[in-house]
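Peer 1: Below is one structure. I have some questions about it.
Protein chains: 2
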Amino acid sequence: MCLAGTLEMKLPAIAAAGFDGIEVFEPDLIASPTSPADLRRRCADLGLSIDLYQPMRDMEAVPAEEFAANLRRARAKFAVMQQLGCDLVLACSSVAPTAIDDDDLAAEQLHALAECAAEHGIRVAYEALAWGRYVNTWDHSWDLVRRADHPGLGICLDSFHILARGSDTAGIAEIDGNRLFFLQLSDAPTLDLGVLAWSRHHRLYPGQGAFDLVDLTAKALAAGYRGPLSLEVFNDVFRQADPGPTAVDARRSLLALAEDLAVEPLVPEPVRSRLGVPPAASPATGCAFCEVGIDAASSESMTNLLRGMGFRAEARHVKQDVTLWRQGGITLLTSSEDADPRVPGRGQVAALGLYCADADRAAQRALALGAVPPAPEPLIDSLPGVVAPDATRIYFCGPDDSSWSSVFEPVAEHDRDPGANAAGETWDGVGLVALDHVSMTQPFDSFDEARQFYARVVGLQAQDLVEYAAPFGLLRGRAMCSPDGAVRIPLSTSLVRRGGWTPGLRGPQHVAFRSEDIVATARRLRSAGVPLMEVPDNYYADLAARFDLSPDRLAEWRRLGLLYDRDGSGELLHLYTQVIGSRVFFEVVQRIGGYEGYGAANAPIHIAAHHRQRHPD
Amino acid sequence: MCLAGTLEMKLPAIAAAGFDGIEVFEPDLIASPTSPADLRRRCADLGLSIDLYQPMRDMEAVPAEEFAANLRRARAKFAVMQQLGCDLVLACSSVAPTAIDDDDLAAEQLHALAECAAEHGIRVAYEALAWGRYVNTWDHSWDLVRRADHPGLGICLDSFHILARGSDTAGIAEIDGNRLFFLQLSDAPTLDLGVLAWSRHHRLYPGQGAFDLVDLTAKALAAGYRGPLSLEVFNDVFRQADPGPTAVDARRSLLALAEDLAVEPLVPEPVRSRLGVPPAASPATGCAFCEVGIDAASSESMTNLLRGMGFRAEARHVKQDVTLWRQGGITLLTSSEDADPRVPGRGQVAALGLYCADADRAAQRALALGAVPPAPEPLIDSLPGVVAPDATRIYFCGPDDSSWSSVFEPVAEHDRDPGANAAGETWDGVGLVALDHVSMTQPFDSFDEARQFYARVVGLQAQDLVEYAAPFGLLRGRAMCSPDGAVRIPLSTSLVRRGGWTPGLRGPQHVAFRSEDIVATARRLRSAGVPLMEVPDNYYADLAARFDLSPDRLAEWRRLGLLYDRDGSGELLHLYTQVIGSRVFFEVVQRIGGYEGYGAANAPIHIAAHHRQRHPD
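Structure representation (structure tokens):
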């Protein structure tokens, strides 16, 4: 249920991602031309066990004649399971309108179901749905299982049903582990929404939501559970996303969970050592370089823009058409890219080089977590790297390792840019001192996956989710940052996948540089004729209304095109360039005090302005 | 706020849809390069008044120094409003953490705000947000307005905030109408969701949700309200949809509301006659014909399929390449279509001819409701018609009017299909007696608009919304039907706009014919070699488990490829053909007893099977 597509499409995706087994979801089998016996062989060939068949619904606590029909149905399914070679079936607590509030009856019928299953060599795992009619808490299901008292009957715990209701989980560690037949894991964001719709539309892989799955799983392991850690995750996006990447994301979430469990005191020692933990993290600590791809048509504009922004072309790649630009502590690479007209919105942030304490270990960990290395002929073959969910290449670079720059040849002195601006001054930049952040719109399907990638593979910390209205739709954003803010990658996506109409930028990306004196920087950019984004006068009228600012300061910002934001801990002054090519632009920021955000309040301003730039009347 | 895009994009869309005025939403103005004075002129040129400026937030019930800053901000906005020529501002009840639970303070500050506004010739409409910190019900806001006692202060009622909380609205008719300054209307579906998220993501135009807006509006009119009926609607879809169609949808919802208000006893007589009601409905009562477009590459397959299905080509269009096929009470047109490779998924249901008592009045009503007639050179110029939101042409046809068929020339006897099947039998069809339903996937952005179109323009009734999981994503469906079921149009869309990966059919459509004996029909289709969809054996194993069916009956269904469903009132037997071209297929149904559905339980089966047909391993 975690993946979209048909059964025949899911199996190879699951096997490729490195899973050990599957649950068979009945509707998949029913819509499939593969017979149960063929499915068994197919799974065996792929190295996958079939650990559970599901679901049986509305089985128990029903009138006698209905239960007789249920047993008839169950027998037919047990025969299917025998052909599948699967010996565990999931029975969900009844939601039927005909269900009866009678625990004795429920236990009696569960016993009869287990007895019938046992005749086929099958065990029954009983699970309390959070919206079950009378049984909707894990302890109630556990009580019924004990009451039914059949060796072939146990419980299945599904983290969603337990944690969405806020149930007390303390007792789980006390369950008889032999009767805990199955454990299904799913995370979810905190939502003020009914449990049924919350479950149906918003589950997430472990670590992507707000639930404490480490604690819950540790309690199950402490109780003696030794079965599979199974994922039971579906949401509007996963239900229609490519099963290949979704399976990788799923498997990564389990490895991350294993990593967290390995340091959890509740987890028994012998289990801990069998968890298959990936190599320890070596988190990103800084930005070595950022590469921006640019198509041939925009190459000259980009060169002019970077010169105007005070960058100097210092070196060229020995094999590829890549230029290395420097200013302050910033290294920017521009690579020429054969724009493929079939791919909308190329011309983008193509790669990030990130410093970390142990680059090789970071890369080994990334591969263990299912990330794949860049295709052959990488830009920088001396650095290990992986590909992010949005296809950005991420390179790991040891501290003070500048060996990677050996693929770049210094530009001969006389070829160097003579100066940063048109005024003929000697080059000294415009005061950009560091890369502040790299803002990347994510493909709709991989927004949550990207969060996990940057957290677990790159070692960044997820900031709070923000959601804001913008001229062409609601946007959702989450910044991934190193603890000291040296690496900042704000990710964003549209709340609804953008349709054919949307005239805004497709997948806009931008690189933001830091200035310690943005007023001085902006003056130099203006005098160099850098094409900056135009800010409407109405914006400054609103600033004047909202904040008690000196008229001089405000007048200067207006002349220079600076935007302003303020929060409880500091202020932000920033400006944007126009869009170069189809989707990339640049930003300059000055953070004053403890301001940690990205000026989201001003996002609608730059979205509308960039739209006007590209679609003048 | 009802439309996506920039202010400059919204205005022409609003004017074209026939609105009289707008509210200016402050963030739109702030992001706009149009000065307030220019906006005023622009609106005047378009015939639009500016009726409200919004929002003022967190104004009242705050500490004194904060209120002083608020007044400062308000004065700046009042100056903007004077340039706009707008004399009414909306102040929302405070959500600020600094707000104080003190009605006297709130009333005192509202009075001061109104006094300040009055100095600028501006009035203040105070609105209780459903999630206001201390003021969150309409009667509380009304109480504060009376307490503040300033002639320039009144209340604004927003239907969402009132009805989402289930507030008692009886007292609204008793409000002093002169103090009811503004009325904002929005509908919403019933959701088990917190009011803030419900409001932010799920509002709908009046008549598209579950709220009784007729009653609420009638009470406001009874109270003496004579201001604009304003729409305050936003959801994830509208926020990013083309503002042109959204504005038409919005205006249509107001006209429909006016129509309902005109027969509401609470509405005072003089108001009733000024409501601008569209011509009375002449609802669709039956299906005259259905036209399917087909590209050149699929033309031969379509011809063979229709012959095999027992249709006879009886006539050809005098000017266009359109064939008229008949069987039983069914008239099917096939039109050849130059497949445009840039338009994905062409080859579709192109037109429906619907019987109604008064075709001319139906057409006049449709135009009054903002529908547009088909482009020049229509298929059938003697019939009035309009274009549905998904571009399907809808023709209105008087009862027993067959004049439209005069554009078709009978095929000479010797050119007619000699027989319906390969066995050389004399033509007598395969037992298809009527068109049962026409199932159309809607563009993601216009699913709700289509509901309103078919309800108000075509006169069909909306059935309950259904939602179901399918192999390539969750689907949402709603059938639009005539009361006797003679016209049935099930509409569906993906819950999330489909992305690049999705390998299923794009916007599938199908036409379902009714048989009174589907077993006999299926035998004839099989013997004629009609390419029917393959149904997996696993499906029949599941039928056997779920239903107590005779083995003979089941074996026959399996041989013939019939699907089965059952509900409380009857049974459905149905079958599907393979897909012809890129997105069209046919269905045959037999309804037994009172079954009124469309076999949604079997949708995943045909989605997976049609996928396999088009993507064999």
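As you go down the protein sequences, you meet chains G and A in turn.
When you line the first sequence up against the working numbering, it's residues 1 to 617, in that order.
When you line the second sequence up against the working numbering, it's residues 1001 to 1617, in that order.
Cβ coordinates follow ideal geometry from the N, Cα and C atoms, glycine included.
So which of G:589, G:205, G:61 and G:73 has the shortest CA-CA distance to residue 103 of chain G?
Peer 2: The residue given as residue 103 of chain G occupies position 103 in the first sequence. When only C-alpha atoms are compared, the closest one is G:61.
Peer 1: Output yes or no for whether 8 Å exceeds the beta carbon distance between residue 609 of chain G and residue 496 of chain G.
Peer 2: For the purposes of this step, residue 609 of chain G is identified with residue 609 of the first sequence, where counting begins at 1. For the purposes of this step, residue 496 of chain G is identified with residue 496 of the first sequence, where counting begins at 1. No, Cβ-Cβ distance for residue 609 of chain G and residue 496 of chain G is not below 8 Å.
Peer 1: Residue 446 of chain G: buried (16+ other C-beta within 10 angstroms of its C-beta) or exposed?
Peer 2: Counting from one through the first sequence, the residue named residue 446 of chain G turns up at place 446. By the 10 Å Cβ count, residue 446 of chain G comes out buried.
Peer 1: State yes or no: is the beta carbon of residue 19 of chain G nearer than 8 Å to at least one beta carbon in chain A?
Peer 2: As a working mapping, residue 19 of chain G is identified with position 19 in the first sequence. No, its Cβ sits nowhere closer than 8 Å to a Cβ of chain A.
Peer 1: Let me see if you follow: with CB-CB separation under 8 Å, is residue 1193 of chain A close to chain D or not?
Peer 2: Absent from the structure: chain D. Protein chains present are G and A.
Peer 1: Give the residues of chain G in contact with residue 1109 of chain A, contact being defined as C-beta atoms less than 9 Å apart.
Peer 2: The residue labelled residue 1109 of chain A in the question sits at position 109 within the second sequence. Per Cβ cutoff of 9 Å: no residues; residue 1109 of chain A is ~18 Å from chain G at best.
Peer 1: Would you report the Cα separation of residue 1517 of chain A and residue 130 of chain G, rounded to the nearest angstrom?
Peer 2: For the purposes of this step, residue 1517 of chain A is taken as the residue at position 517 of the second sequence. For the purposes of this step, residue 130 of chain G is taken as the residue at position 130 of the first sequence. Computed Cα separation, rounded: 44 Å.
Peer 1: So, helix, strand or coil for residue 234 of chain G, using DSSP?
Peer 2: If you number the first sequence from 1, residue 234 of chain G lands on position 234. Correct three-state label for residue 234 of chain G: coil.
Peer 1: Answer yes or no: do residue 470 of chain G and residue 461 of chain G have a C-beta to C-beta separation smaller than 8 Å?
Peer 2: Against the first sequence, residue 470 of chain G aligns to sequence position 470. Against the first sequence, residue 461 of chain G aligns to sequence position 461. No; because the gap between Cβ atoms is not below 8 Å, this pair is not in contact.
Peer 1: Quick one: which chain G residues come within Cβ less than 8 Å of residue 1319 of chain A?
Peer 2: Reading the second sequence from its first residue, position 319 is the one you call residue 1319 of chain A. Under the 8 Å cutoff, chain G gives no residues; its nearest Cβ is about 32 Å from residue 1319 of chain A.
Peer 1: When you check each C-beta in the segment 225 to 256 of chain G against every C-beta of chain A, which residues fall closer than 7 Å?
Peer 2: Under the 7 Å Cβ criterion, the segment 225 to 256 of chain G contributes 236, 237, 239, 240, 241 and 242.
Peer 1: Taking the alpha-carbon positions, what's the residue 1606 of chain A to residue 1585 of chain A distance?
Peer 2: Numbered from 1 along the second sequence, position 606 holds the residue referred to as residue 1606 of chain A. Numbered from 1 along the second sequence, position 585 holds the residue referred to as residue 1585 of chain A. The alpha-carbon atoms of residue 1606 of chain A and residue 1585 of chain A are separated by roughly 11 Å.
Peer 1: Please list the partners that residue 473 of chain G has in chain A, where partner means a Cβ-to-Cβ separation under 8 Å.
Peer 2: As a first step, residue 473 of chain G must be located in the first sequence, where it is residue number 473. Under the 8 Å cutoff, chain A gives 1004, 1236, 1239 and 1240.
Peer 1: Just the C-alpha distance for residue 1515 of chain A and residue 1438 of chain A, rounded to the nearest angstrom, thanks.
Peer 2: To locate residue 1515 of chain A, count along the second sequence from 1; it is residue 515. To locate residue 1438 of chain A, count along the second sequence from 1; it is residue 438. Those two C-alpha atoms are separated by around 15 Å.
Peer 1: Thinking C-alpha only, which one of A:1211, A:1435, A:1007 and A:1406 is nearest residue 1165 of chain A?
Peer 2: By 1-based counting over the second sequence, the position of residue 1165 of chain A is 165. The shortest C-alpha separation from residue 1165 of chain A is found at A:1211.
Peer 1: Just checking: is the beta-carbon of residue 1489 of chain A within a distance shorter than 8 Å of some beta-carbon in chain G?
Peer 2: For the purposes of this step, residue 1489 of chain A is taken as the residue at position 489 of the second sequence. By this cut-off, residue 1489 of chain A is not an interface position.
Peer 1: When the Cα of residue 1541 of chain A is compared with those of G:548, G:73, G:503 and G:98, which residue comes out closest?
Peer 2: Taking the second sequence and counting its residues from 1, one reaches residue 1541 of chain A at position 541. When each option's Cα is compared against that of residue 1541 of chain A, the closest is G:73.
Peer 1: Select from G:349, G:274, G:440 and G:110 the residue whose C-alpha is nearest the C-alpha of residue 258 of chain G.
Peer 2: As a working note, residue 258 of chain G is residue 258 in the first sequence. Of the listed residues, the one whose Cα sits closest to residue 258 of chain G is G:274.
Peer 1: Which residues, in chain order, does the segment 447 to 477 of chain G contribute to contact with chain A at a C-beta distance below 9 Å?
Peer 2: Listed by position, the residues of the segment 447 to 477 of chain G near chain A (Cβ gap below 9 Å) are 467, 469, 470, 471, 472, 473 and 474.
Peer 1: Determine the closest residue to residue 1235 of chain A out of A:1550, A:1001, A:1351 and A:1481, with distance taken between C-alpha atoms.
Peer 2: One-based indexing of the second sequence puts residue 1235 of chain A at position 235. Taking only the C-alpha atoms, the option nearest residue 1235 of chain A is A:1001.
Peer 1: From the DSSP output, in three-state form, read off residue 72 of chain G for me.
Peer 2: Start at 1 with the first residue of the first sequence, and residue 72 of chain G comes out as number 72. Looking at residue 72 of chain G - three-state DSSP - the assignment turns out to be helix.
Peer 1: For the beta strand (DSSP E) that contains residue 250 of chain G, what are its first and last residues?
Peer 2: What you label residue 250 of chain G is simply residue 250 of the first sequence in a count that begins at 1. Segment 243 to 261 is the alpha helix (DSSP H) holding residue 250 of chain G; no beta strand (DSSP E) there.
Peer 1: Looking at C-alpha atoms only, which residue of G:589, G:532, G:556 and G:528 is the closest neighbour of residue 310 of chain G?
Peer 2: Position 310 of the first sequence, counted from the first residue, corresponds to residue 310 of chain G. Per the Cα distances, G:528.
Peer 1: Can you pull the chain G neighbours of residue 1077 of chain A, defined as C-beta to C-beta under 8 Å?
Peer 2: Sequence index remark: in the second sequence, residue 1077 of chain A carries index 77 (1-based). Those are 545, listed as they occur along chain G.
Peer 1: Should residue 602 of chain G be labelled buried (16 or more other beta-carbon atoms within 10 Å of its own) or exposed?
Peer 2: Mapped onto the first sequence, residue 602 of chain G falls at position 602. The residue is buried, with at least 16 neighbouring Cβ atoms inside 10 Å.
Peer 1: Please report whether the beta-carbon of residue 1502 of chain A lies at a distance below 8 Å from any beta-carbon of chain G.
Peer 2: Mapped onto the second sequence, residue 1502 of chain A falls at position 502. Yes - at least one Cβ of chain G is within 8 Å of the one on residue 1502 of chain A.
Peer 1: Nearest-angstrom Cα distance between residue 1027 of chain A and residue 1263 of chain A?
Peer 2: Start at 1 with the first residue of the second sequence, and residue 1027 of chain A comes out as number 27. Start at 1 with the first residue of the second sequence, and residue 1263 of chain A comes out as number 263. C-alpha separation (whole angstroms): 38 Å.
Peer 1: According to DSSP, simplified to helix, strand and coil, what is residue 1510 of chain A?
Peer 2: For the purposes of this step, residue 1510 of chain A is identified with residue 510 of the second sequence, where counting begins at 1. The answer is strand: DSSP assigns residue 1510 of chain A an E or B state.
Peer 1: Quick check: the Cα distance between residue 1553 of chain A and residue 57 of chain G, rounded to an integer number of angstroms?
Peer 2: Sequence index remark: in the second sequence, residue 1553 of chain A carries index 553 (1-based). Sequence index remark: in the first sequence, residue 57 of chain G carries index 57 (1-based). Their backbone Cα atoms lie some 26 Å apart in a straight line.
Peer 1: Residue 1191 of chain A to residue 1265 of chain A, Cα distance in whole Å?
Peer 2: Here residue 1191 of chain A corresponds to residue number 191 of the second sequence, with the count starting at 1. Here residue 1265 of chain A corresponds to residue number 265 of the second sequence, with the count starting at 1. Straight-line Cα distance between these residues: approximately 30 Å.
Peer 1: DSSP state of residue 1555 of chain A, grouped into three classes?
Peer 2: Here residue 1555 of chain A is taken as the residue at index 555 of the second sequence, counted from 1. In the structure shown, residue 1555 of chain A sits in a helix (DSSP, three-state: H, G or I).
Peer 1: So is residue 1284 of chain A buried or exposed if we call it buried at 16+ other beta carbons inside 10 Å?
Peer 2: As a first step, residue 1284 of chain A must be located in the second sequence, where it is residue number 284. Counting Cβ neighbours within 10 Å, residue 1284 of chain A comes out buried, since at least 16 surround it.
Peer 1: If I follow the unbroken beta strand (DSSP E) through residue 336 of chain G, where does it start and stop?
Peer 2: Within the first sequence, numbered from 1, the residue matching residue 336 of chain G stands at position 336. Unbroken beta strand (DSSP E) run through residue 336 of chain G: 330 to 337.
Peer 1: Taking all protein chains shown into account, decide if residue 121 of chain G is buried (16 or more other Cβ within 10 angstroms of its Cβ) or exposed.
Peer 2: As a position in the first sequence, residue 121 of chain G is number 121, starting the count at 1. When all chains shown are included, residue 121 of chain G counts as exposed.
Peer 1: Residue 574 of chain G lies in the beta strand (DSSP E); which residues open and close that run?
Peer 2: Along the first sequence, read from residue 1 onward, the residue named residue 574 of chain G stands at position 574. Where residue 574 of chain G is concerned, the enclosing beta strand (DSSP E) stretches over 570 to 576.
Peer 1: Let me check one thing: in DSSP terms, what residues is residue 1642 of chain A bridge-paired to?
Peer 2: An answer regarding residue 1642 of chain A cannot be provided, because it is not within the stretch 1001 to 1617 covered by chain A.
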